[in-house]
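Residue numbers (this note's numbering): 62 to 478.
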DNA sequence: TCTGGGGTCCTAGGACCC
DNA sequence: TCTGGGGTCCTAGGACCC
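See the structure below:
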């Protein structure tokens, strides 16, 4: 049995915890650069402010004069999240943080689950001043759904219990399948096309049909909704597999030196993150794009990914990232966003034994032999391990953009090692 | 003028090998 | 002109989440 607890309008509630004058008022927390709304109190929601709504448009809308707009403060939110976690660990045997404001709880063997949930809510509120909602169910997916139901019922108790089939049956009939954790807009659309609109329709559908439509991921969700648990609680967080630093520019960039500077800063930040997590990376991805919201600008988006040496220091990361960005750069566009993603992360203590960390040891041994043979034949230094490790793996890709924004890409680029 | 910044997983298909 | 079959690895791309 699982429970999912999450903070109501979490970022806003954190702001309120430290500034009681914000209570009862419409508060919105903004994304980086104060770009758009990422958290809203229910007073702000009632004024029609939408998730992701651009600040520069919303701030001028009539009727929103009294809204309090806050820049985000992630250090504060992270700290509040930790405090909530600590309270929870004293109340249940197992807590799995899922996101900054959500945690799954082990509710196995608890008969008075709703009462216990109410108690936990009160304890968290008392200790952190953060209001929460709790959903209870036999699987994570059901607990997540129950949580959503609890949240929607603003006048309710803040707890929703979907432990039993009859409780679920009535809820499933009223909820759209898109409300399910794991069923996004694309999947909901596909399901609708075959006449599956509600969760009740979904759980009644044959496994094979869902598998064909939504792959094993959808099938797992289906089973979870029927009450068969396919996802367990894990206490240890999964090791990080990638790490990104991406930003929209405050103002469009049109000159290479400006981008060079930005990329340098991103690479520095990425290197910092890498060190803080005690990781090394053996691949890097760099991307560049124009403002996809602009109807006037010509659109261009491109990315490159390639292997890097895991021993690269900050300076080497900057150099490599800059070189990659230079290859992606095209004059005459107004760039709005860029980023660096580090991939193939491994803990730095376990430095890969081979020079070729993204390749398995046997293959890298073969490569080493190849290098030896070539070098014996053609002279030392003809091939160097670094060169082979840096073998460019450039690929072209149109990032998640609507067709109207995609640019025809007809050139395959190469970075010379 | 100004529209977030992160992450994960799955699958198809090509390259390559035997 | 015909043109194996099976396996693995890698990349691109799509979809999802917060």
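Built from N, CA and C at the ideal position, the CB exists for glycine as well.
Own chain partners of residue i with C-beta closer than 6 angstroms, once the 5 adjacent residues on each side are dropped
| i | result |
| --- | --- |
| residue 196 | 65, 204, 207, 208, 211, 221 |
| residue 177 | 171 |
| residue 315 | 395 |
| residue 274 | 251 |
| residue 200 | 285, 290 |
| residue 378 | 328, 332 |
| residue 398 | 309, 350 |
Supposed close pair residue i, residue j - CB separation, criterion 8 angstroms
| i | j | result |
| --- | --- | --- |
| residue 335 | residue 294 | So it is not a contact: roughly 29 angstroms between Cβ atoms. |
| residue 144 | residue 188 | 7 angstroms |
| residue 352 | residue 313 | 6 angstroms |
| residue 241 | residue 282 | 6 angstroms |
| residue 169 | residue 62 | 5 angstroms |
| residue 239 | residue 247 | Residue 239 to residue 247, Cβ: 10 angstroms. No contact. |
| residue 254 | residue 237 | The pair is not a contact, with the Cβ atoms about 14 angstroms apart (cut-off 8 angstroms). |
| residue 348 | residue 400 | 6 angstroms |
Beta-bridge partners of residue i, as assigned by DSSP
| i | result |
| --- | --- |
| residue 67 | 163, 194 |
| residue 396 | 314, 351 |
| residue 131 | 90 |
| residue 157 | 165 |
| residue 345 | 367, 403 |
| residue 237 | 259 |
| residue 307 | 400 |
| residue 222 | 197 |
| residue 479 | Lying before the first or after the last residue shown, residue 479 is absent from the chain, which here runs from 62 to 478. |
| residue 408 | 340 |
| residue 362 | 350 |
| residue 300 | Answer by DSSP bridge pairing: none, since residue 300 is not bridged. |
| residue 115 | 97 |
Same chain only: Cβ atoms within 7 angstroms of residue i, ignoring 5 sequence neighbours per side
| i | result |
| --- | --- |
| residue 94 | 309, 311 |
| residue 261 | 233, 234 |
| residue 159 | 165 |
| residue 74 | 68, 191, 192 |
| residue 340 | 301, 406, 407, 408, 409 |
| residue 132 | 91, 95 |
| residue 456 | Caution applies to residue 456, whose pLDDT of 31 falls short of 50 and renders its modelled position unreliable; the model cannot decide the point. |
| residue 108 | 87, 124, 125, 128 |
| residue 280 | 268, 271, 272 |
Contact set for residue i: own chain, Cβ-Cβ below 8 angstroms, skip 5 residues either direction
| i | result |
| --- | --- |
| residue 194 | 66, 67, 69, 182, 208, 211, 212, 219, 220, 221 |
| residue 321 | 383, 386, 387 |
| residue 155 | 166, 167, 294, 296 |
| residue 185 | 66, 145, 148, 149, 191, 193 |
| residue 113 | 97, 98, 99 |
| residue 298 | 158 |
| residue 174 | 62, 64, 168, 197, 222, 224 |
| residue 256 | 262 |
| residue 111 | 98 |
| residue 161 | 71, 138, 139, 142 |
Per-residue burial, residue i [other beta carbons within 10 Å of its own, 16 or more giving buried]
| i | result |
| --- | --- |
| residue 82 | exposed |
| residue 368 | buried |
| residue 138 | buried |
| residue 141 | buried |
| residue 286 | buried |
| residue 365 | buried |
| residue 180 | exposed |
| residue 440 | Since pLDDT at residue 440 reaches only 46, below the 50 mark, its modelled position is unreliable, and no value is offered. |
| residue 72 | buried |
| residue 216 | exposed |
| residue 371 | buried |
| residue 263 | buried |
| residue 79 | exposed |
| residue 343 | buried |
| residue 422 | At residue 422 the pLDDT is 40, less than 50, meaning the model places this residue with poor confidence; the figure from the coordinates comes in the next sentence. Exposed is the call here. |
| residue 268 | exposed |
| residue 317 | exposed |
| residue 214 | exposed |
| residue 354 | exposed |
| residue 403 | buried |
| residue 277 | exposed |
| residue 151 | exposed |
Worksheet item: Any chance the segment 306-315 sits against the segment 222-229, with 3 or more Cβ pairs inside 8 angstroms?
Response: no
Worksheet entry | Three-pair Cβ contact test at 8 angstroms for the segment 123-136 versus the segment 76-93 | yes
Worksheet entry | Given 8 angstroms, three or more beta-carbon pairs between the segment 322-336 and the segment 353-364 | no
Worksheet item: Is it true that the segment 367-386 meets the segment 146-156, where meeting means three or more beta-carbon pairs spaced less than 8 angstroms apart?
Response: no
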